[in-house]
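**Q** Numbering (my numbering), first residue to last: 779 to 1013.
Laid out in structure tokens, this is it:
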């Protein structure tokens, strides 16, 4: 019910651009261009790069406007932004060049965070991206194949080693996902890559479950060798 009310409110109430604040548009053309424009999709690598990290493509650079859009969708419930964010993820998936059917598997957020927000932002973006890819002729399906098996500490402020220790053994494949993960190449999806630890741990879980990870796609990646975590984007 909460998500339904937010979507209706977005249709009838005046809004400002979630990225730059320009009035009377939920996302202006300039900010939309920062998310998956032809010149913004690129491969990104953290430094140091964690073992097992698959190729990662980002739709945009983690900067003021992109950060604001991600926060608006994830933390403030601007659910209408799932469509342009899905477009961005689809562009990043396309850059991986995976042929044939592809499974988009979101990196899972903590259940308490999803409950607090009232929606699963990453899963919502994954579904939107899969719909875009299907319209473009790529058989794509978003599947919630991973879950948290235990509580973890807040990732904000942890370095790469701290994040790896925090997430070690924290993810698992959901029951019955083994056959599904083995059926087609997997692309892990997330909103933001910082140290790359979450993606490398998720890739390991998929591989152990019998899947083949073709790469990862994120909305935003680092400008330089590494981007620092934002506490408000915590998982």
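Beta carbons are placed, not taken as given, at the ideal position from N, Cα and C, and that holds for glycine.
1. Suppose you measure from the CA of residue 814 to the CA of residue 856; what does that come to, to the nearest Å?
2. Rounded to whole angstroms, what's the CA-CA distance from residue 982 to residue 841? Just pull it up for me.
3. If you drop the 5 nearest sequence neighbours on each side, which residues of the same chain put their C-beta closer than 6 Å to that of residue 793?
4. Using the Cα positions of residue 885 and residue 949, report the straight-line distance between them to the nearest angstrom.
5. Report yes if the C-beta distance between residue 824 and residue 1000 is below 8 Å; otherwise report no.
6. Taking the beta strand (DSSP E) that residue 969 belongs to, which residues open and close that run?
7. Report the partner residues of residue 993 according to the DSSP bridge assignment.
8. Out of 966, 911 and 872, point me to the one whose CA is closest to residue 861's CA.
9. Going by the DSSP bridge assignment, what does residue 951 pair with across the sheet?
10. According to the Cβ coordinates, are residue 974 and residue 834 closer than 8 Å?
11. Identify the residues that DSSP records as bridge partners of residue 902: which are they?
12. Which residues bound the beta strand (DSSP E) around residue 839?
13. Please check if any C-beta of chain C sits within less than 8 Å of the C-beta of residue 965.
14. For residue 990 and residue 907, I'd like the C-alpha separation in whole angstroms.
15. Taking all protein chains shown into account, do 16 or more other C-beta atoms lie within 10 angstroms of the C-beta of residue 866, making it buried, or fewer, making it exposed?
16. In three-state DSSP terms, what is residue 888?
17. By the three-class DSSP mapping on this structure, what secondary structure does residue 883 have?
18. Tell me which residues share the same chain as residue 926 and place their Cβ nearer than 7 Å to its Cβ, disregarding the 5 neighbours each side in the sequence.
19. Report the three-state DSSP secondary structure of residue 830 (helix, strand or coil).
20. For residue 845, count neighbouring Cβ atoms within 10 angstroms of its own Cβ and tell me buried if that reaches 16, exposed if not.
21. Is the distance from the Cβ of residue 984 to the Cβ of residue 959 below 8 Å?
22. Taking the Cβ atom as the reference point for each residue, do residue 965 and residue 988 lie within a distance shorter than 8 Å?
23. What number of angstroms, rounded off, separates the C-alpha of residue 837 from the C-alpha of residue 952?
**A** A quick look at the data gives this:
1. 19 Å
2. 29 Å
3. 804
4. 9 Å
5. yes
6. 964 to 970
7. The bridge partners DSSP lists for residue 993 are 965.
8. It is 911.
9. Per DSSP, the beta-bridge partners of residue 951 are 924.
10. yes
11. Paired residue(s): none; residue 902 is not in a bridge.
12. 834 to 839
13. Any reference to chain C falls outside this structure, which holds one protein chain only.
14. 20 Å
15. buried
16. coil
17. strand
18. 886, 888, 889, 948 and 949
19. coil
20. buried
21. yes
22. no
23. Annotation: residue 837 to residue 952 spans about 28 Å, alpha carbon to alpha carbon.
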